[in-house]
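Note that our numbering has the sequence shown beginning at 4, numbered continuously upward.
Here a beta-carbon is modelled for each residue, glycine too, at the ideal position from N, C-alpha and C.
Notes to accompany the following structure.
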Amino acid sequence: MPRRRLLLLFFTLSWSLALASSSSGVQLHVYDEYNDQNELTRDCEFERYWDLVWSKPNGTAPPRTNGPGPIGKKKKYKGTLDRMIATEMKVIVQNEEQVELSFTREWNSSLEYTQVPLNIDKRFHYMAISDSRQRYMPLPDDRSPERGQALAYPEAVLLVNPVEPEFKGEVDDKYQYACESKDIGVHGWISNDTGIGFWQISPSNEFRSGGPFKQFLNSHVGPTNLGIFHSTHYAGPDMIIKFEDGEQWKKVYGPIFIYVNSLSERNGNVTSKLWEDAKEQLNKEGQSWPYSFLASEDFPKSNQRGNINGRLLVEDRYVCERKVSAKGAYVGLALPGDAGSWQLESKGYQFWSKTDEDGYFSIDNIRTGEYNLYASIPGFIGDFRYNDLISITGGCSLEVGDLVYKPPRNGSTLWEIGIPNRSAAEFYVLDPNPKLINKLYVHTDRFRQYGLWERYTELHPHQDLVYKIGDDYRKDWFFVQVTRSLDNSTYEGTTWQIKFEFDKGDHNGTYTLRVALATAHVSELQVRINDQNATSPLFSTGIIGNDNTIARHGIHGLYRLYNVDVPGTGILFGARKEQPEQQEQTTGCVCGKKICRIGGKSFRVVVENEEQVEISFTSSWDRSLEGKIVPLNIDKRFHYMAIADNRQRYMPLPDDRLPRRGKELAYPEAVLLVKPVEPEFTGEVDDKYLYSSENRNLKVHGWMCFDPPVGFWQITPSNEFRTGGPLKQNLTSHVGPITLAMFLSAHYVGEDMVLKFKEGEPWKKVFGPVFIYLNSLIDDESPLSLWEDAKQQMWIEEQSWPYTFPQSDDFPQSDQRGNVSGRLRIRDRYVSDDYISAEGAYVGLAPPGDVGSWQLESKGYQFWTKADAEGYFCINDIRTGDYNLYAWMSGFIGDYRYDSVITITAGSDIDMGDLTYEPPRHGPTLWEIGIPDRTAAEFYIPNPNPMYINKLYVNHPDRYRQYGLWERYTDLYPDKDLVYIVGVSDYTKDWFFAHVPRKKDDGSYQATTWQIKFNIDNADQSANYKLLLALATANSAELQVRVNDPEPSPPLFSTGNIGHDNTIARHGIHGIYRLYSVVIPGGQLVEGENTIYLTQAMASSPFEGIMYDYIRLEGPPSSSSLSKQI
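Okay, here's the thing in structure tokens:
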């Protein structure tokens, strides 16, 4: 794991970042500290950390008195320091851990654009802005006139003769790396030679201007790393801060967080490790905001701020008869103004949050003051503003209840082009001029390529774009309406046409054309109807915009919405609409290809019309066909599989798994590819279980063919019919190409999940509908954008659930279902005296049963949601019936169940109020190992045997999916078992993720006993202690617990033989969750060091074992200070 040291920067204005005094400066040093752990059994790493040393220019640092390195030695430092020049300065805090200064500086306009706050070492060549925006960067010299050619503006340079030839022919422009405020959490640079990362982390955007979509520069060639808090980029002069004569103004920018991390052994993917660690640190800093250590009165603490929460709904009767949740809306507080004014607001602070699936939002840690509440909702045009002023005071917690946004609407939608998401990203963005490319953006952000505006003239050299309603806007609507370049290097305006037909309409009525602009730059949009040459347009925007988005490779700037009234007298009616006709009936074969048919005993037609055919059929199960029928055979040309954003790859062929090309490993599903058809797969392991996924994430998966570019996707809009709850794992897609719709399986659970029926028991369940989606692209688009489109379609299908078109009585419509809402809180007096909001808890309805029984439930339906930041939840569209309400939450052990049965009737809307979960608790926590999140993902997962890898999971967050990791335990512990010392060991490195048997030289296996060593002072011999063991999975295992003696028989506790999850063999990180509570009499504990022995006693197979989720030792209820960690 990377080691890190940190530096916080805090400003009242953003002129500079270094520290200084009148006579001496601050020098920053990096020291090395080696880890003393066994290098043979762990990845050897060392620490680098920052040290601030006062030193005169060209002088010596004072001798070291502590920390790593030679004690008492001085070191020579050359060069002057970057200093902060100020007219006055005062020290607010000065101690061993913190220096906080306040300074005043007058702005000198002559310095504009001439100062960069931090100069980064030139050895940093690799830049990272996001998961998909990382690359090795050119050098500053490459932009000089001797090596580069300036293009349409100075920032864009074509690299003609770069120092490193690999960059030749690329365009470099700092605006290609701009980023929205909501996404600028961490960015920076990596030095591969030294294995060091330099990162700027912004824990909050409250001080940035322009709201969550405002775009800023961040990192670019230099290496330069910018912390920009205010700019006019992508907005124009309207964003400039303007002051009245004598107007007083103060604003705190920051703090931002400078983070440096490093790796001692640069094996594997250095850049990936450092980047992932920086993201993890970003999460920690975000959780720590607002910082508590700052002493300045201008930076209020958390208890001096306020909170607000509520729910946002959308009411559009032309979309849905009832109010719908504003899922994924951005809701924020900004200074009072008109709707949408937050886009240009720059003097004050803004606080934004995203709503959950049910529209609930919570905005925390708001500075005191008066605000309006604003919102932007994807899928709907316009801006929401809550009209009443909201006054935030220190410590307040405001509940605004249900807010309703009514988007602009005069009538039903006759046609539409695009997606109302404040950007033009869905439209046709073509490939750049091959002489003017940036290699990073040969993917979904292709709009960031240079010079795309010139391609319009190439596509439409003489006649402008004509779009017919029914065309595909992704291919037929150019992403930007620009001028056309003429031969004499002048430009002319362009007129695009939208053609549509109406059978009938209202000549006396008024139609409304809604035009939502993603950006505008010194432009005028004119609208005419059915007369292109009319002298006066029906509508004109006048000259609008200074966003400069087009030149700066953006896809949006400021959002603008215009409503154009179109008189019915100007519309032509009566055009004929042609209908497709089926020419012949087919049975069996079409064009020489056999049709896959459904064999049934009987069927009936439920619906048959021009748009829909719905058939109900009955088929008897034939046990002899088990495992032999695959519903859909996908064309063999589909070679690229996608399951998630980070789980995509070219796949081997089915022939590669045959005996002549592959070698079967420990079980038939796992095959080592020895001589595959395509040599690139040689040495890889293929196994369908490598691509399993949890129900909660199993929404879209499928295959892509790149020639021609076609995608085949299976979309599951709801999990209500799937068994086992949100964490149940199922197969998805794998070599074939095969894509599976798994509704019921025993994978990662065992035989307890198998359906069982009593004699004569009636049963009916609707599985589905699932959605099969095909998409395609024109030739010059990136085929990988098929995945992005499939995700967008998935979201559309989720919003449409439950579907309205099925006519079967077995599939209830939305108005035949019910809703449940409430709030879940956690009560644990050893964690907090107050109730704890169950943020992120999974709350669900499932058939009545015991606590946690939903994990094994298979006959009925389940309905789940996640609680918001305040613990509020809302579960919609629940089928009628009797249920229990269940819940669990990461960070707390156990399961919650609301004891009373909940009866859902058609149209019911049940408010459960405040529910309280009290997790199992005996006494105070003496020590703990792991994170209670139902998985073993936080523990040590070794690298796989290099002979058995799957390239997808190299340096991947899901590295546990590699084949054969169970064998690595014997490699790491060939003779002695794992020993964990509380307070010394680190469970991320010292606790193996799976407790499995050890393989002996003769090929047999032996049981393993792990030890947990800990110290106790003043043990209460007369009281009981409790050991809580949360297991993430178990397979044919027996866990035995002994205390301070490894030999007693019987043990203090035994689980007995438990589990058939088979998670270890199937590359999982969890299966069925189990919780055990072991009473340890105080008389078995001794003063000083104690040892708990955990024995996994089953040892006939390498797959017999368990994975721990979390272990905790609790003291007696009356004690709170019995543990002393060593």
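Does the beta-carbon of residue i have 16 or more other beta-carbons within 10 angstroms, so that it is buried, or is it exposed?
i	result
residue 94	exposed
residue 939	buried
residue 1116	buried
residue 538	exposed
residue 437	exposed
residue 464	exposed
residue 1105	buried
residue 396	exposed
residue 471	exposed
residue 949	exposed
residue 489	exposed
residue 330	buried
residue 389	buried
residue 1114	buried
residue 1053	exposed
residue 494	exposed
Excluding five sequence neighbours on each side, which residues of the same chain lie with their C-beta closer than 6 Å to the C-beta of residue i?
i	result
residue 514	569
residue 138	443
residue 1072	938, 939, 940 and 963
residue 1013	980, 981 and 1097
Please state whether the Cβ-Cβ distance between residue i and residue j is less than 8 Å.
i	j	result
residue 825	residue 728	no
residue 668	residue 688	yes
residue 542	residue 530	yes
residue 776	residue 716	yes
residue 999	residue 1108	yes
residue 386	residue 343	yes
residue 156	residue 554	yes
residue 255	residue 318	no
residue 238	residue 213	yes
residue 810	residue 617	yes
residue 1074	residue 751	yes
residue 872	residue 840	yes
Nearest by alpha-carbon distance to residue i: which of the options is it?
i	options	result
residue 1001	973, 525, 1012 and 994	973
residue 731	709, 724 and 697	697
residue 708	775, 761, 779 and 726	779
residue 440	154, 203 and 1110	154
residue 321	276, 509, 416 and 764	416
residue 418	831, 272, 503 and 829	503
residue 509	454, 547, 741 and 573	573
residue 957	260, 272 and 1076	272
residue 804	881, 744, 789 and 840	881
residue 216	425, 794 and 1029	425
residue 265	195, 507 and 128	195
Quick one: give me the first and last residue of the beta strand (DSSP E) that residue i is part of.
i	result
residue 285	Per DSSP, residue 285 belongs to no beta strand (DSSP E); it is in the alpha helix (DSSP H), 273 to 291.
residue 357	354 to 357
residue 928	928 to 933
Got a sec, what are the start and stop residues for the alpha helix (DSSP H) residue i sits in?
i	result
residue 797	788 to 802
residue 129	Here residue 129 belongs to no alpha helix (DSSP H); instead the beta strand (DSSP E) covers 129 to 133.
residue 975	971 to 975
residue 461	458 to 462
residue 664	Where residue 664 is concerned, there is no enclosing alpha helix (DSSP H), given that its DSSP letter is neither H nor E.
residue 333	Residue 333 -> not in any alpha helix (DSSP H); beta strand (DSSP E) instead, spanning 333 to 337.
residue 477	476 to 479
Starting from the C-beta of residue i, find all residues in its chain whose C-beta is less than 8 Å away, skip the five residues before and the five after it, and write them out in chain order.
i	result
residue 738	654, 655, 656, 657, 659, 660, 689 and 691
residue 423	381, 382, 383, 384 and 519
residue 1111	932, 933, 939, 942, 994, 998, 1032, 1033, 1034 and 1035
residue 476	420, 421, 429, 430, 431 and 470
Got a sec? Which residues, its chain only, sit under 7 Å from residue i by beta carbon, not counting five neighbours each side?
i	result
residue 769	724, 813 and 814
residue 833	924, 927 and 928
Please confirm whether residue i has its beta-carbon closer than 8 Å to some beta-carbon of chain D.
i	result
residue 221	In summary, chain D is missing from the structure at hand, where a single protein chain is found.
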